[in-house]
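Trainee: Below is the structure I would like to discuss, written out as C-alpha cells.
Numbering (UniProt numbering), first residue to last: 1 to 527.
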C-alpha cells in the first residue's frame with residue numbers, strides 16, 4: 001500500500017510539473033506570437049529575434065565577451081534596417097543626429113523616463129531615477145541652487161585647494177620617475193572635490209593612496225554591476241535587502257556598490273542630526289553647503305526630504321559626478337599629449353594669458369582661450385563619456401519620418417552616434433580641435449556630451465570648471481609624457497557600461513611627470 005501511495009503521489013507531482021511546463025511553454029509561445037504580430041511595435045524594422053525576446057540584448061550585454069556590446073549591435077541593426085529599429089520587444093532606437101534635440105525636448109515638453117532605465121541604479125527616489133516628468137522637474141529644481149553658476153564660482157577656491165593636493169601627488173611621481181596612473185589620481189581628485197562641494201565631507205582620497213585605490217576598485221565594480229542592473233533593474237534593490245555578510249563572498253562587486261550607499265547614508269544621518277527647519281522661503285547669497293541642504297531649503301514637501309530620498313540623491317551624485325569628470329580629464333590629457341603640436345599651442349596660449357603673479361588665469365579667461373576651449377570640446381566629443389542610451393517616453397504619439405511612434409513607447413538615441421556622425425564631424429575618429437573654430441550651427445547643435453532637454457546633466461558647469469582649471473594647472477606646472485599608453489587599448493571605447501570603458505586588458509593611461517613651474521604652486525591659493 002505504501003508503494004502504491006508513493007507511486008500515485010509521484011505520478012500526481014509529475015503530472016503537475018508537466019502541466020506547469022506545458023503552460024509555461026504555451027505562455028512563452030503566445031507572448032512571442034503577440035510581440036511579432038499584434039504588438040504596437042510589430043510593424044517597425046528590426047531583427048525578429050530582438051522583437052521576440054529581450055534575451056537577445058542580455059546575450060550581447062552579459063554573455064558575449066567583452067560585456068557591454070549591445071550598443072555596437074544596435075549600430076549593426078541600423079546599418080541593415082535604417083534609422084529607426086526595434087531593439088527589443090518594447091523599445092525603439094533612432095540613429096539620426098538631427099532628431100536628437102527633437103526627441104530629448106525642453107522641459108516644457110513632457111517626457112517620462114522608461115522605468116527599467118530609471119531603476120537600474122537602485123535610486124528610484126533620486127532625480128536620475130524619477131520616472132514622471134513633473135516630479136523630475138520639481139526634484140531637479142531643488143538640486144539646482146547647488147549647481148548654479150554663482151555657487152560654482154564661489155567654489156573655485158575649493159577646487160584650487162584640491163588641485164594643490166593633486167599636484168603634490170604628481171610632484172612625488174616626478175621625483176621617483178615612476179609612471180603615474182591617471183585613472184586613480186584623477187578619480188581621487190574629482191571624487192574628493194565633489195565630496196567637499198556636495199556633501200561638505202572630505203573622502204581624503206588625495207592624501208590616502210590606499211583609500212583612493214579602493215575607491216577605484218569600487219567604481220570598476222560599479223561598471224560591472226551597471227551592465228547587469230540595466231537588464232535586471234530589480235538586482236540592486238534586492239541586494240540591498242540581503243545581509244551584506246551573506247552577499248559579499250558571492251557578489252563582491254555588488255557589495256562594493258552597496259558599501260557606497262552606506263557611506264552616503266552616514267552623511268545623511270549626520271546632516272539630519274544637525275539640520276534646522278527652514279522658516280519660510282530661503283534666499284541665499286552663499287551657496288548651499290550640501291546637496292542635502294539645497295533640497296531641505298527647497299519648496300518640496302516634507303516627504304521629499306526624508307533620509308532615504310536624500311541618500312539616493314547623494315549616491316547618484318557620488319557615482320556619476322566623480323567618474324565622468326575623471327574620465328573626461330584622462331581623455332583630454334591623453335589627446336593633448338598624443339598631439340604635440342596642439343599641446344604646444346594650448347600651453348603657450350595659457351602661458352600668454354596668465355598674469356605674472358598667478359599660476360593660472362581666471363576661469364572666465366580660460367574659457368575664452370580658443371585652442372584650450374576647442375581641445376576640451378573635441379576631447380569631450382571623441383570620448384562621449386556617457387555612452388549609455390537613456391530611453392524616454394512621449395505621452396502622445398510622435399512622428400519620425402513616415403513612422404508614427406505610439407504614445408508611451410520607450411525611445412532612445414545614443415549620444416556617441418551623434419558625436420561621431422561623419423556627416424556632422426568629418427573624420428570623426430580624429431582629434432581635430434580646429435574643427436571648432438568655424439563650426440557650423442549643426443555641429444554646435446549636435447554637441448551633446450552632457451545630453452539635451454529636460455534631463456540633461458545638471459552638473460555640466462561644475463564639470464567644465466574642474467576641467468578647465470585642472471588642465472590649465474597641469475600644463476603650467478608639469479611637462480607630461482605618455483608611458484606605454486595606446487589609444488586603441490587604453491582610450492577608445494570598447495564597452496558600454498553607462499560610462500564608456502576601454503578594453504578589459506587596459507592598465508590605464510599612464511604618464512611620466514616632469515616639473516615645469518614647481519615654484520608657482522602656492523599661487524593656487526591666490527588666483
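Glycine is no exception: its CB is placed at the ideal position from the N, C-alpha and C atoms.
Who are the Cβ neighbours of residue 561 in its own chain at under 8 angstroms, not counting the five residues just before and after it?
Mentor: Missing from the structure shown is residue 561; the chain here goes from 1 to 527 and no further.
Trainee: Got a sec? Which residues, its chain only, sit under 6 angstroms from residue 508 by beta carbon, not counting five neighbours each side?
Mentor: Here the set comprises 181 and 183.
Trainee: From the DSSP output, read off the bridge partner residues of residue 399.
Mentor: Partner(s): 404.
Trainee: Assign residue 88 to buried or exposed, taking buried as 16 or more other Cβ atoms, counted over all protein chains shown, within 10 Å of its Cβ.
Mentor: By the 10 Å Cβ count, residue 88 comes out buried.
Trainee: With a floor of 3 residues, list each beta strand (DSSP E) that falls wholly inside the stretch 257-329, ordered by position along the chain.
Mentor: Qualifying beta strand (DSSP E) stretches: none in this window.
Trainee: Can you say whether residue 417 is buried or exposed, counting buried as having 16 or more other CB atoms within 10 angstroms of its CB?
Mentor: Buried, by the Cβ-count rule.
Trainee: I'd like the ranges of any beta strand (DSSP E) spanning at least 3 consecutive residues and lying wholly in the stretch 334-407.
Mentor: Qualifying beta strand (DSSP E) stretches, in chain order: 392-394, 398-400 and 403-405.
Trainee: Do you know whose CA, among 297, 243, 311 and 232, lies nearest residue 270's CA?
Mentor: Closest option to residue 270, Cα to Cα, is 311.
Trainee: When the distance is taken between beta carbons, is residue 380 closer than 8 angstroms to residue 301?
Mentor: Their beta carbons are not under 8 angstroms apart, which means residue 301 does not touch residue 380 by this criterion.
Trainee: Let's test the definition: count the other Cβ atoms within 10 Å of the Cβ of residue 65 and tell me whether it reaches 16, buried, or not, exposed.
Mentor: That one is exposed.
Trainee: Let me know the alpha helix (DSSP H) ranges lying completely inside the stretch 116-159, each 4 residues or longer, listed in chain order.
Mentor: Entirely contained in the stretch 116-159, the alpha helix (DSSP H) runs reaching 4 residues are, in chain order, 133-143 and 149-154.
Trainee: Quick one: residues in its chain with C-beta nearer than 6 angstroms to the C-beta of residue 16, no 5 flanking neighbours on either side, listed in chain order?
Mentor: Closer than 6 angstroms at the Cβ level, and outside the excluded window around residue 16, lies no residue.
Trainee: Mind checking residue 262: buried by the 16 CB within 10 Å criterion, or exposed?
Mentor: Burial call: exposed.
Trainee: Report all residues from its chain with a CB closer than 7 angstroms to the CB of residue 346; omit the five preceding and five following residues, and keep chain order.
Mentor: Excluding residues within five positions, the ones whose Cβ falls inside 7 angstroms are 336, 371, 372, 375 and 475.
Trainee: Would you mind working out which of 53, 97, 12 and 54 sits nearest residue 444, comparing C-alpha positions?
Mentor: Ranking 53, 97, 12 and 54 by Cα distance to residue 444 puts 97 first.
Trainee: Does residue 119 pass the burial test, meaning 16 or more other C-beta atoms within 10 Å, or should it be called exposed?
Mentor: Under this definition residue 119 is a buried residue.
Trainee: What span of residues does the alpha helix (DSSP H) with residue 213 cover, start to end?
Mentor: Its alpha helix (DSSP H) spans residues 209-231.
Trainee: Evaluate residue 78 with the Cβ neighbour count: other Cβ atoms within 10 Å of its Cβ, from every protein chain shown; 16 or more gives buried, anything less gives exposed.
Mentor: Flag for residue 78 reads buried.
Trainee: Based on the DSSP secondary-structure assignment, which residues constitute the bridge partners of residue 500?
Mentor: Residue 500 is bridged to 496.
Trainee: Which residues in the same chain have their Cβ closer than 7 angstroms to the Cβ of residue 484, if we skip the five residues on either side of it in sequence?
Mentor: Excluding sequence neighbours, residue 484 sits near 510.
Trainee: So for residue 410, helix, strand or coil by DSSP?
Mentor: Residue 410: strand per DSSP, three-state reduction.
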